[in-house]
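Visitor: My structure is below; once you've seen it, I'll send some questions.
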Amino acid sequence: MRVWPGQPYPLGATPDGHGTNFSLFAEHAERVELCLFDPDGQETQVPLPETTAFCWHGYLPGVGPGQQYGFRAHGPYRPQDGLRFNAAKLLLDPYAKAVVGGVTWDPAVFGYADGDPDDPARREPRDSAPFVPRSVVVDPAFAWGDDWPLRTPWHETVLYEAHVRGLSQRHPDVPPELRGTYAGVASPPIIDHLARLGVTALELLPVHQFVHEHQLVSRGLRNYWGYNSIGFFAPHAAYSASGQDGPQVAEFKGMVKALHAAGIEVILDVVYNHTGEGSELGPTLSFRGIDNQAYYRLNPEDPRRYIDYTGTGNTMNMRHPHVLQLLMDSLRYWVLEMHVDGFRFDLASALARELHDVDRLSAFFDLIQQDPVVSQVKLIAEPWDVGEGGYQVGNFPPLWSEWNGQYRDTVRDYWRGAEQGVAEFAYRLTGSSDLYASNGRRPYASINFVTCHDGFTLRDLVSYNDKHNQANGEDNRDGNPDNRSWNCGVEGETDDPAVAALRARQMRNLLATLFLSQGVPMLLGGDEMGHSQGGNNNAYCQDSLLSWLDWEPGPDARHLLDFTRRLAAYRRQHPVLRRRNWFLGRQLHGTGVVDIGWFTPEGAEMTETEWGQGFVKSVAVFLNGEEIPSPDPRGERIVDDSLLLLLNAHDGPVDFRLPVGRWGRRWAADLDTATPGLAPGATVHHAGAQVPVEGRSLQVLRRVG
178 MRVWPGQPYP LGATPDGHGT NFSLFAEHAE RVELCLFDPD GQETQVPLPE
228 TTAFCWHGYL PGVGPGQQYG FRAHGPYRPQ DGLRFNAAKL LLDPYAKAVV
278 GGVTWDPAVF GYADGDPDDP ARREPRDSAP FVPRSVVVDP AFAWGDDWPL
328 RTPWHETVLY EAHVRGLSQR HPDVPPELRG TYAGVASPPI IDHLARLGVT
378 ALELLPVHQF VHEHQLVSRG LRNYWGYNSI GFFAPHAAYS ASGQDGPQVA
428 EFKGMVKALH AAGIEVILDV VYNHTGEGSE LGPTLSFRGI DNQAYYRLNP
478 EDPRRYIDYT GTGNTMNMRH PHVLQLLMDS LRYWVLEMHV DGFRFDLASA
528 LARELHDVDR LSAFFDLIQQ DPVVSQVKLI AEPWDVGEGG YQVGNFPPLW
578 SEWNGQYRDT VRDYWRGAEQ GVAEFAYRLT GSSDLYASNG RRPYASINFV
628 TCHDGFTLRD LVSYNDKHNQ ANGEDNRDGN PDNRSWNCGV EGETDDPAVA
678 ALRARQMRNL LATLFLSQGV PMLLGGDEMG HSQGGNNNAY CQDSLLSWLD
728 WEPGPDARHL LDFTRRLAAY RRQHPVLRRR NWFLGRQLHG TGVVDIGWFT
778 PEGAEMTETE WGQGFVKSVA VFLNGEEIPS PDPRGERIVD DSLLLLLNAH
828 DGPVDFRLPV GRWGRRWAAD LDTATPGLAP GATVHHAGAQ VPVEGRSLQV
878 LRRVG
């Protein structure tokens, strides 16, 4: 087969209509072979003839889209030096745009023999090609039309976290052949649901090609969530309805285009902190066999071992320029070629570790900051990892928003009646200025959530005190035991109408708090319909009815869905609930009325003593609608109604006396979590009046005079 020298860049497989250029970074390799597979699975090995700056490259005329390929890297097998080359192992291209096939857990997929990864004399000699996935050359052409990444302002964003498969797998109106796929997400029933719910951005659990771990497969389970990436450019093939040897790329693009047409952004949950190859005991699928020293953080005192900040066995080496290049090339590819609108970075603290400490000014953040493409999309950090000092909520740079774990914990504690000062809750309700205001960030730096994929669903949060993960096959040892949940008196499902009513009200309380808080609300897919996982708080391996959303729920779930839609619409109607700047607590325009006010149920402004009392569970919050900064460059102000939130987390009813004087004369009741069918504005209260608020409920009043 003819092979020309080709070019070292771009890395990966790049077709041009006449042939394909292949390039692979492998600094410590002694020789690299390109392996081409015909439709019958026959392999042709072609040595790459050139190496430039540690990139092995060659151009093959006549090779085009659809071609399946892999690499074999030759070099020393010296685990004591961190070198694990084994040419018997077929390796995925780190830059592959599509991947076909999965891992069959045969001993041949491991680079070492006889279960001993440390013995330099025991390099596994069997060929892994029949048991591992292959890379595919992809045609990048797609009819995008006028589509381009959306730019919904952060303060107008409503996030919806969902799983590609679980979102549509059980939807009766999605064609069976499309369920659980990218095309299923793009189907009219799913998009209509998201649009009617008021979602502006769909945050998808990992769609990078991933592998199912051996220990899960051996138990008859799968890695459902997908946090086990092996290909950072390839959309996961199993989510494709149109084929897995290349068409998945066009199908993914079609999904993005359809969501954009409905005004919905696409944000990807990305896992760059580790790969699916695991520890030194894991398989050799790609990075380990290409250049183990370059791609992974090795223990400097014992290079046989990996530094693990992720809990998965390995950590990507963000100190190496080619690893950083891989990450940035991947991010740009998903923005420029796949048109996604942002990223949520799993265990983002691990990406920031240059030595051991998390460094806000690490090379990773510097590259993001200066990149003209990536710096302009939505960037969300999961601001922790499992290493020492890894919890970094509030410490990411100004471009970034963060999953606010303190918001989740505080709101859960407030509504379950845990002992805490009301000041903590006040910070979370108003955007967490204590975490984000000191370095030039805005309220939308806080991604507010009560539930997410990792943990209890909303329904389970109010139905279970303890986790019930027996289905995972680990004797209920997995999952976080600290859920800050409350079962409302009965563990699990119950026919008790009083318990059921309390649980329904608690779900409405948590959802209402989420949509009434400053910052960016993130709703876990299914919570709007009361989806339950039976108390499983770690359903990462449950590709089953347990995780798939039920689209034919009962009346209670439909009522919850209607209430959630009302909340999202109310937030959209009232800019005071989605401010771009912080509340200052100061007087405005000489009126003597501050931008925010806090009151006791007696109608008096809160004192310093009351702020520090942990037993305080009832509070009223005045939100001044006349101080909303406008995005208009002329500096105009958006005038909104002022609102009064009455929050009662006590178990019994509380009468709130409405503040008198300059705060307002007349107030219309718009929302009541104890009376979800309340007609907005039908009831009007006067200043000084006593307003009864049911135990464990909240009301929203709108100033009308």
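So in the numbering used here, spot 607 of the sequence shown is number 784, and the numbers just go up one at a time.
Glycine is no exception: its CB is placed at the ideal position from the N, C-alpha and C atoms.
Note that this is a predicted model, so its numbers are computed, not measured.
What is the DSSP secondary structure of A595, reduced to helix, strand or coil?
Guide: Looking up residue 595 in the sequence shown gives position 418. Three-state result, A595: coil.
Visitor: Per DSSP, what kind of secondary structure is W402 in: helix, strand or coil?
Guide: Within the sequence shown, residue 402 is the residue found at index 225, counting from 1. W402: coil per DSSP, three-state reduction.
Visitor: Return the CA-CA distance between G183 and N646, expressed in angstroms with no decimal places.
Guide: Indexing the sequence shown from 1 puts residue 183 at position 6. Indexing the sequence shown from 1 puts residue 646 at position 469. Cα to Cα, the separation comes out at about 53 angstroms.
Visitor: Measuring CA to CA, which of F248, V240, V180 and Y236 is closest to A206?
Guide: Here residue 206 corresponds to residue number 29 of the sequence shown, with the count starting at 1. F248 is the residue among F248, V240, V180 and Y236 whose C-alpha sits nearest the C-alpha of A206.
Visitor: When you compare only the Cα positions, how much space is there between A318 and G490?
Guide: For the purposes of this step, residue 318 is identified with residue 141 of the sequence shown, where counting begins at 1. For the purposes of this step, residue 490 is identified with residue 313 of the sequence shown, where counting begins at 1. Straight through space, the alpha carbons of G490 and A318 are spaced by roughly 38 angstroms.
Visitor: Buried or exposed: L267, going by 16 or more other Cβ atoms within 10 Å of its Cβ?
Guide: One-based indexing of the sequence shown puts residue 267 at position 90. So L267 counts as buried.
Visitor: Exposed or buried, what is W325 when buried is set at 16 or more other beta-carbons lying within 10 Å of its beta-carbon?
Guide: Your numbering for residue 325 matches position 148 in the sequence shown. The residue in question, W325, is exposed, as its Cβ has fewer than 16 Cβ neighbours within 10 Å.
Visitor: Helix, strand or coil for E813, going by three-state DSSP, please let me know.
Guide: Taking the sequence shown and counting its residues from 1, the one referred to as residue 813 is at position 636. Legend: pLDDT at E813 = 47, less than 50; position of this residue unreliable, value from coordinates given subsequently. E813 falls in the coil class under three-state DSSP.
Visitor: Between the region 336 to 347 and the region 377 to 391, are three or more C-beta pairs nearer than 8 angstroms?
Guide: With the cut-off at 8 angstroms, the region 336 to 347 and the region 377 to 391 touch.
Visitor: Can you name the residues that DSSP bridges to H700?
Guide: Within the sequence shown, residue 700 is the residue found at index 523, counting from 1. First, the residue type needs correcting, since residue 700 is Leu and not His in the sequence shown. Residue pairing from DSSP places L700 in a beta bridge opposite Y337.
Visitor: Who pairs with A212 in a beta bridge, going by DSSP?
Guide: Here the question's residue 212 lines up with position 35 in the sequence shown. Inspection of the sequence shows that residue 212 is occupied by Cys rather than by Ala. Answer is Q222 and G247, bridged to C212.
Visitor: Would you please state the rounded distance, in angstroms, between the beta carbons of V335 and G375? I believe it to be under 8 angstroms.
Guide: Counting from 1 along the sequence shown, the entry for residue 335 is found at position 158. Counting from 1 along the sequence shown, the entry for residue 375 is found at position 198. The pair is a contact, with the Cβ atoms about 6 angstroms apart (cut-off 8 angstroms).
Visitor: What does a CB cutoff of less than 7 angstroms around D817 pick up in its chain, not counting 5 residues either side in sequence?
Guide: Along the sequence shown, one-based indexing puts residue 817 at 640. Closer than 7 angstroms at the Cβ level, and outside the excluded window around D817, lie H751, P752, V753, G802 and I805.
Visitor: Flag this pair as touching only if the region 622 to 641 and the region 577 to 585 have three or more C-beta atom pairs under 8 angstroms; answer yes or no.
Guide: The answer is yes - the region 577 to 585 touches the region 622 to 641, with three or more Cβ pairs under 8 angstroms.
Visitor: Taking the C-alpha atoms as reference points, what is the distance between R680 and L835?
Guide: Within the sequence shown, residue 680 is the residue found at index 503, counting from 1. Within the sequence shown, residue 835 is the residue found at index 658, counting from 1. Cα to Cα, the separation comes out at about 28 angstroms.
Visitor: Name, in chain order, the residues that DSSP records as bridge partners for Y473.
Guide: Translated into positions along the sequence shown, residue 473 becomes position 296. For Y473, which the question treats as bridged, DSSP gives the partners M493.
Visitor: Name the DSSP bridge partner or partners of G774?
Guide: For this step, residue 774 is matched to residue 597 along the sequence shown. According to DSSP, G774 bridges with F799.
Visitor: Have a look at the DSSP bridge pairing and note the partners of N233.
Guide: Counting from one through the sequence shown, the residue named residue 233 turns up at place 56. Note on identity: in this sequence residue 233 is Trp, with Asn being the wrong assignment. DSSP output for W233 lists L201 and T228 as bridge partner(s).
Visitor: Which parts of the region 435 to 490 are runs of the alpha helix (DSSP H), unbroken and 4 residues or longer, counting only runs that do not cross its ends?
Guide: 464 to 472
Visitor: Report the three-state DSSP secondary structure of H195 (helix, strand or coil).
Guide: As a position in the sequence shown, residue 195 is number 18, starting the count at 1. Looking at H195 - three-state DSSP - the assignment turns out to be coil, as it is neither helix nor strand.
Visitor: Give me the Cα-Cα distance between Y236 and W402, rounded to the nearest whole angstrom.
Guide: The sequence position of residue 236 within the sequence shown is 59, counting from 1. The sequence position of residue 402 within the sequence shown is 225, counting from 1. Roughly 37 angstroms between the two C-alpha positions.
Visitor: In terms of residue numbering, what span does the beta strand (DSSP E) encompassing F308 cover?
Guide: Looking up residue 308 in the sequence shown gives position 131. Element bounds for F308: n/a, residue is neither H nor E.
Visitor: State the DSSP-derived secondary structure class of Q867, mapped to helix, strand or coil.
Guide: Along the sequence shown, read from residue 1 onward, the residue named residue 867 stands at position 690. In the three-state scheme derived from DSSP, where H, G and I count as helix and E and B as strand, Q867 is classed as strand.
Visitor: Taking the runs of the alpha helix (DSSP H) that are 4 residues or longer, which of them lie wholly in the region 594 to 648?
Guide: 599 to 606, 610 to 613 and 635 to 638
Visitor: Let me know the beta strand (DSSP E) ranges lying completely inside the region 540 to 572, each 3 residues or longer, listed in chain order.
Guide: Here the runs fully enclosed are 555 to 558.
Visitor: Quick check: what's the CA-CA separation for Y613 versus S819?
Guide: Along the sequence shown, read from residue 1 onward, the residue named residue 613 stands at position 436. Along the sequence shown, read from residue 1 onward, the residue named residue 819 stands at position 642. Using only the alpha carbons, I get a separation of about 25 angstroms.
Visitor: Just to confirm my understanding: we take E871, look at its own chain, exclude 5 residues before and 5 after, and list those with CB closer than 6 angstroms. What are they?
Guide: Taking the sequence shown and counting its residues from 1, the one referred to as residue 871 is at position 694. Closer than 6 angstroms at the Cβ level, and outside the excluded window around E871, lie P830 and A851.
Visitor: If you drop the 5 nearest sequence neighbours on each side, which residues of the same chain put their C-beta closer than 7 angstroms to that of L744?
Guide: As a position in the sequence shown, residue 744 is number 567, starting the count at 1. L688, A689 and F692, listed in sequence order.
Visitor: With DSSP run on the structure shown, which of helix, strand or coil describes H391?
Guide: Taking the first residue of the sequence shown as 1, we reach residue 391 at position 214. Looking at H391 - three-state DSSP - the assignment turns out to be helix.
Visitor: Which first and last residues belong to the alpha helix (DSSP H) in which E380 is found?
Guide: The count along the sequence shown starts at 1 and reaches residue 380 at position 203. First-last for E380: A378 to L381, but that is the beta strand (DSSP E), not the alpha helix (DSSP H).
Visitor: Considering only C-alpha positions, which residue in the set A866, G791 and F520 is nearest to Q597?
Guide: Looking up residue 597 in the sequence shown gives position 420. Of the listed residues, the one whose Cα sits closest to Q597 is G791.
Visitor: Whole angstroms are fine: how far does the CA of N450 sit from the CA of P475?
Guide: As a first step, residue 475 must be located in the sequence shown, where it is residue number 298. As a first step, residue 450 must be located in the sequence shown, where it is residue number 273. The residue you asked about is not Pro; residue 475 is Leu in the sequence shown. Looking at the two C-alpha atoms, the distance is approximately 14 angstroms.
Visitor: Give me, in chain order, the residues of the same chain whose beta-carbon lies closer than 6 angstroms to that of G882; leave out the 5 immediate sequence neighbours on both sides.
Guide: Position 705 of the sequence shown, counting from 1, holds the residue named residue 882. R842 and R843.
Visitor: Nearest CA to the CA of F371: which residue from A438, H389, D323 and E354?
Guide: For the purposes of this step, residue 371 is identified with residue 194 of the sequence shown, where counting begins at 1. Note that residue 371 corresponds to Leu in the displayed sequence, not to Phe. Checking every option, the nearest Cα to that of L371 belongs to A438.
Visitor: With H, G and I counted as helix, E and B as strand and the rest as coil, what does DSSP make of P658?
Guide: Reading the sequence shown from its first residue, position 481 is the one you call residue 658. Of the three classes helix, strand and coil, the one that applies to P658 here is coil, per DSSP.
Visitor: Answer yes if the region 301 to 310 comes into contact with the region 278 to 287, meaning at least three C-beta pairs across the two stretches below 8 angstroms, and no otherwise.
Guide: Three or more Cβ pairs drawn from the region 278 to 287 and the region 301 to 310 lie within less than 8 angstroms of each other, which places the two stretches in contact.
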